[in-house]
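Asks: Let me begin by handing over the structure; questions about it come next.
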Amino acid sequence: MNVFFGPFLITFTSLFVALDIIGTVPIYLSLTKDMSAGERKEVVDRSMGVALIVAILFMALGQVTFKHIGISIDDFKIAGGLILLLISLADLVGGPQAVHGSSSGSTGVVPLAVPLISGPAVLTTLLLQSGSVGYLVTVSALFLNYLLAWQILRHCDKVTKWIGKDGTIVLSKIAALLLAAIAVAMIRSGIFSSLAEFVRSMK
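Here it is, written out as structure tokens:
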């Protein structure tokens, strides 16, 4: 039991920190503030389903595929950061509808599922931990983390009712700034890591 629980606890904690679902809550509220309660729950269900599929496929095929086509985690950081930055800027100027239009169909995929939930931090952690402690422990920790994230996001309506419409608007703008900061951090990390790797390759 201890042979499983120790690595599981470490992996679960690493994924929980990488996922940062609490930090995702205000962004989720911002992107879905004009939707009905039913639409928001649909978005949560879709986003978590897509995120889980992406995470499992990435863990199973990531390293082999990346090596084959020449893509690195740093490339993912830069691409994901650019997507988030564009979304956050559009949200600040015109609100979430400027990004997603009137339909909630794509909201579950971009940016919630990818790259906010199954983002570079989570995907990198999955690759490292699956190679270190095995797939059973890593997948178990992943499922529990995503189950918690699913429940947290599905009950965000209570926050919206508490802060009211004006509070939601203010929160959405703060969330857009937070999203922009996250995006810049992802881009910076990807660029710096790529430059460091380039310098090492030149020696």
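Per the numbering used here, the sequence shown starts with residue 74, numbered consecutively.
Beta carbons: idealized from backbone N, C-alpha and C, even for Gly.
(1) Excluding sequence positions up to five away, which residues of its chain have a Cβ less than 8 Å from the Cβ of Glu-270?
(2) Below 8 Å, can you find three or more Cβ-Cβ pairs linking the segment 211-226 to the segment 156-163?
(3) For the alpha helix (DSSP H) that contains Asp-118, what are its first and last residues?
(4) When the Cβ atoms of the segment 246-253 are set against those of the segment 125-139, are three or more pairs found closer than 8 Å?
(5) For Met-121 and Val-187, what's the separation of their Cα atoms in angstroms?
(6) Would you call Lys-231 buried or exposed, if buried means 16 or more other Cβ atoms sit within 10 Å of its Cβ?
(7) With DSSP run on the structure shown, which of helix, strand or coil describes Asp-93?
(8) Pick out whichever of Leu-268, Asn-75, Thr-86 and Val-76 has its Cα sitting closest to the Cα of Phe-216.
Replies: Answer, in terms of the structure:
(1) For the purposes of this step, residue 270 is taken as the residue at position 197 of the sequence shown. Taken in chain order, the residues that qualify are Ser-145 and Asp-147.
(2) The segment 211-226 makes no contact with the segment 156-163, as fewer than three CB pairs between them are under 8 Å.
(3) On the sequence shown, residue 118 is found 45 positions in, with the first residue counted as 1. From DSSP, the alpha helix (DSSP H) with Asp-118 extends over 110-142.
(4) Three or more beta-carbon pairs separated by less than 8 Å are not found between the segment 246-253 and the segment 125-139, which leaves the two stretches without contact.
(5) Along the sequence shown, one-based indexing puts residue 121 at 48. Along the sequence shown, one-based indexing puts residue 187 at 114. Distance between the alpha carbons of Met-121 and Val-187 is about 10 Å.
(6) Taking the first residue of the sequence shown as position 1, residue 231 is located at position 158. When all chains shown are included, Lys-231 counts as exposed.
(7) Locating residue 93 in the sequence shown gives position 20, counting from the first residue. For Asp-93, the secondary structure class from DSSP, reduced to helix, strand or coil, is coil.
(8) Taking the sequence shown and counting its residues from 1, the one referred to as residue 216 is at position 143. It is Thr-86.
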